[in-house]
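Residue numbers (this note's numbering): 2 to 39.
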């Protein structure tokens, strides 16, 4: 791997449950509104 790729993944620990090394991308979000008239 190139230096830049190694730097991108540096310091990430393997998840013991899923064996994943990368942080997952969550394609959901939540917003808070001041009131219902947005």
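Beta carbons: idealized from backbone N, C-alpha and C, even for Gly. Predicted, not measured: the structure shown is a model, and the values here were computed from it.
Among the options, the one whose alpha carbon lies nearest that of residue i
i	options	result
residue 24	4, 6 and 10	10
Residue i, enclosing alpha helix (DSSP H) - first and last residue
i	result
residue 30	Element bounds for residue 30: n/a, residue is neither H nor E.
residue 8	4-9
Check whether residue i and residue j have beta carbons under 8 Å apart
i	j	result
residue 13	residue 22	yes
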